[in-house]
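Start counting the sequence shown at 1; every next residue gets the next number (my numbering).
We treat Cβ as the ideally placed atom computed from N, Cα and C, and that holds for glycine.
All values derive from a computational prediction rather than experimental measurement.
Structure, as structure tokens:
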Amino acid sequence: MERVNKELDRLCEKDTIAQVTQPTEWLSNMLVREKPDGRIRICTDPSRTVNKAIRRPVYTIPTIEEKLPFLTSAKVFTVVDVSEAFHNIELDYESSLLTTFQGPNGRYRYKRMPFGMSSGPEEYQRRQQEFLEGLDGVINIADDICVLGWGNTKEQANIDHDKNLIALLDNCKEQDLRLTVKKMQFKSTTVTFMGHKLTDQGICPDPGKLGFLRYKWMSRMKLLVGYFVTGSIKRKLREEITLYEGVLLKTHQVIVPTVLRKEMLEKIHKFHQGADSSIRRAREALFWPGMSANIRQMSEACGICAQFQTEQPREPMKSHEIPKLPWSRISVDLFQLADKNYLVMKKNFARHGIPSECVSDNGPQFDSSEYRSFARECGFTPVKSSPYSQGNGKAESAVKVAKNILKKSGNEDPYLALLAYRNTPQQGYVYSPSEILMARKLKDIIPMVPSQLKPRLVDSKIVREDIMKRRIQSKIQYDKKASRPLKDLAVDDHVYVKPRQKYKP
Numbered sequence: 001m002e003r004v005n006k007e008l009d010r011l012c013e014k015d016t017i018a019q020v021t022q023p024t025e026w027l028s029n030m031l032v033r034e035k036p037d038g039r040i041r042i043c044t045d046p047s048r049t050v051n052k053a054i055r056r057p058v059y060t061i062p063t064i065e066e067k068l069p070f071l072t073s074a075k076v077f078t079v080v081d082v083s084e085a086f087h088n089i090e091l092d093y094e095s096s097l098l099t100t101f102q103g104p105n106g107r108y109r110y111k112r113m114p115f116g117m118s119s120g121p122e123e124y125q126r127r128q129q130e131f132l133e134g135l136d137g138v139i140n141i142a143d144d145i146c147v148l149g150w151g152n153t154k155e156q157a158n159i160d161h162d163k164n165l166i167a168l169l170d171n172c173k174e175q176d177l178r179l180t181v182k183k184m185q186f187k188s189t190t191v192t193f194m195g196h197k198l199t200d201q202g203i204c205p206d207p208g209k210l211g212f213l214r215y216k217w218m219s220r221m222k223l224l225v226g227y228f229v230t231g232s233i234k235r236k237l238r239e240e241i242t243l244y245e246g247v248l249l250k251t252h253q254v255i256v257p258t259v260l261r262k263e264m265l266e267k268i269h270k271f272h273q274g275a276d277s278s279i280r281r282a283r284e285a286l287f288w289p290g291m292s293a294n295i296r297q298m299s300e301a302c303g304i305c306a307q308f309q310t311e312q313p314r315e316p317m318k319s320h321e322i323p324k325l326p327w328s329r330i331s332v333d334l335f336q337l338a339d340k341n342y343l344v345m346k347k348n349f350a351r352h353g354i355p356s357e358c359v360s361d362n363g364p365q366f367d368s369s370e371y372r373s374f375a376r377e378c379g380f381t382p383v384k385s386s387p388y389s390q391g392n393g394k395a396e397s398a399v400k401v402a403k404n405i406l407k408k409s410g411n412e413d414p415y416l417a418l419l420a421y422r423n424t425p426q427q428g429y430v431y432s433p434s435e436i437l438m439a440r441k442l443k444d445i446i447p448m449v450p451s452q453l454k455p456r457l458v459d460s461k462i463v464r465e466d467i468m469k470r471r472i473q474s475k476i477q478y479d480k481k482a483s484r485p486l487k488d489l490a491v492d493d494h495v496y497v498k499p500r501q502k503y504k505p
């Protein structure tokens with residue numbers, strides 16, 4: 001930990017990082033890597049945080065194959081490495097806050113491009129090539145720069161090399177770009193550059209890298225042999241694998257090698273049968289690990305399948321959270337009867353108090369400036385239900401009740417009918433609506449003894465249990481016609497929307 005703190009202090013002194021005290025939208029974990037020389041490097045892990053939101057610049061990083069024409073006839077080479085390459089890119093203040101990471105003694109932000117950012121390699125390569133533009137005999141890939149010397153003789157190549165190197169160093173001095181002396185391969189006929197060996201005789205792969213690859217290949221082969229031979233793999237599977245005319249079979253299924261899987265996927269999906277049908281057909285003849293997942297992924301990404309697939313079936317019911325306090329969440333809706341529109345809110349708010357949330361449908365009345373002004377004035381949050389009538393089910397149910405009361409009242413006072421409704425426990429409930437809201441029964445035209453009109457404590461646990469029972473019953477009935485939930489959708493996902501048929505009288 002002491003080495004980490006010293007490195008953080010060093011980066012602060014170099015003005016590479018700075019401590020953060022204000023809240024930030026993103027926070028990454030800190031990683032510590034040890035360099036070959038024993039020093040440590042502070043990195044961050046933004047792969048699960050800000051990297052998902054960064055728009056990477058489209059800039060192609062060159063490969064060694066693209067640089068081969070520049071290496072023809074080169075006889076002398078110098079390879080230099082830029083010190084802390086990414087840290088040469090300065091960040092503005094807003095961008096630096098995106099790089100905030102958690103250190104042992106608080107949060108820090110990078111004032112220069114940190115290692116690990118998804119946009120770092122492309123952005124650095126672009127700036128590095130702009131920096132080297134106009135210099136002869138210089139090529140670069142990432143933070144490695146190679147200076148070349150050409151000539152018919154070695155003396156001519158040395159002169160050309162020295163001229164190119166001096167021009168590079170002068171440019172570095174002007175731009176305050178620092179090079180790592182320990183990694184420099186200076187003025188040699190044989191150097192290592194990007195996994196290859198450059199010589200005055202030509203270019204070849206680095207033997208050290210090839211040795212590592214051979215070692216990895218042999219070690220993996222030993223693991224594979226042991227996997228099949230020593231019993232680590234299930235004996236049943238070993239017995240299922242056979243060889244028929246040079247083709248590996250798993251029982252009767254052809255085991256498809258990696259290089260042919262893309263071609264097989266295209267053949268399986270050619271007639272757009274859908275994921276499930278394609279999987280059943282493929283299992284009849286083919287096998288490879290993860291085949292079903294690959295087929296399903298291809299079907300889901302297919303535009304033709306998406307365009308002509310059946311309509312999204314009814315989804316299972318999702319219920320609102322039961323409020324913890326009475327009148328904290330209410331639902332409202334408009335209804336029309338006998339050419340009259342009904343919606344009474346101010347009287348209810350004055351009588352029962354202002355709720356925390358008011359749920360409504362997406363009608364234009366609830367999106368008007370007057371309604372929003374009313375919400376701000378009263379201090380409640382307007383909440384829109386989904387564009388589906390059952391999404392505001394409580395209000396829709398109340399509309400039916402109100403319409404029936406008004407229709408059946410005739411010449412009678414509808415408010416007495418409304419009073420009777422509020423005094424009556426609903427089916428499956430212990431308490432009436434008036435008791436739940438006001439902790440007492442209301443006096444109506446039906447005679448009651450005085451003790452029944454006295455306030456009494458309402459057991460909120462019983463109320464919540466009654467509501468939950470009703471919701472469970474409703475969900476069971478509703479879900480009988482609901483086949484599967486909607487798949488998770490991400491921002492910028494493309495979807496097909498089936499237009500509703502217009503009503504024709």
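Counting only residues of its own chain and dropping the five nearest sequence neighbours on each side, residue 24 has a CB closer than 7 Å to the CB of 97, 100. For residue 320, the closest of 471, 356, 291 by C-alpha to C-alpha distance is 471.
The three-state reading of DSSP puts residue 472 in helix, counting H, G and I together. Secondary structure at residue 271: coil, using DSSP grouped into helix, strand and coil. About 5 Å separates the Cβ atoms of residue 333 and residue 399, confirming a contact at the 8 Å cut-off. Scanning its chain for C-beta atoms nearer than 7 Å, with the 5 sequence neighbours on each side dropped, one finds around residue 200 the residues 75, 189, in chain order. A residue is called buried once 16 or more other Cβ atoms fall within 10 Å of its Cβ, and residue 124 is buried on that count. Nearest Cα to residue 384 within the set 409, 329, 414: 329. Bridge partners of residue 438 according to DSSP: none are assigned. Pairing residue 139 with residue 63, the inter-Cα distance amounts to about 11 Å. Secondary structure of residue 202 (DSSP, three-state): strand. Contact check for residue 116 against residue 51 passes: the beta carbons are separated by less than 9 Å.
Where residue 194 is concerned, there is no enclosing beta strand (DSSP E), because DSSP gives it neither an H nor an E. By the C-beta criterion, the stretch 88-97 is judged not to be in contact with the stretch 2-14, since fewer than 3 inter-stretch pairs fall below 8 Å. For residue 335, there is no enclosing alpha helix (DSSP H); the enclosing beta strand (DSSP E) covers residues 335-337. In this structure, residue 147 places its C-beta atom within 9 Å of the C-beta atom of residue 77. Distance between residue 67 and residue 132, taken at the CA atoms: about 15 Å.
According to DSSP, residue 44 shares a beta bridge with 30.
For residue 101, the three-state secondary structure derived from DSSP is strand.
As computed with DSSP, residue 108 is found in a beta bridge with 19, 101. Nearest C-alpha to residue 448 among 69, 245, 423, 438: 423.
Inclusion of residue 179 and residue 81 in the CB contact set at 9 Å is warranted, their separation being smaller than that value. Residue state for residue 287 is assigned as strand, using DSSP reduced to three classes. For the pair residue 176 and residue 129, the Cα-to-Cα distance works out to about 16 Å. Relative to residue 294, the option among 43, 274, 352 whose CA is nearest is 274.
In terms of CA proximity to residue 421, 401 leads the group 436, 440, 407, 401. Nearest Cα to residue 69 within the set 426, 198, 359: 198. DSSP places residue 329 within a strand segment (E or B) once states are collapsed to three. Here residue 338 is exposed: its Cβ has fewer than 16 other Cβ atoms, across all protein chains shown, within 10 Å.
Ranked by Cα distance from residue 155, the first of 187, 443, 326 is 187. In terms of CA proximity to residue 434, 443 leads the group 376, 443, 450. Note on residue 410: under 16 other CB atoms within 10 angstroms of its CB, so exposed under the neighbour-count rule.
Between residue 122 and the set 142, 167, 304, the nearest pair of CA atoms involves 142.
Within the DSSP secondary-structure output, residue 149 pairs in a beta bridge with 76. About 5 Å separates the CB atoms of residue 40 and residue 34; that is less than 8 Å, so the two are in contact. Counting every other CB atom within 10 Å of its CB across the protein chains shown gives residue 184 a total below 16, marking it as exposed.
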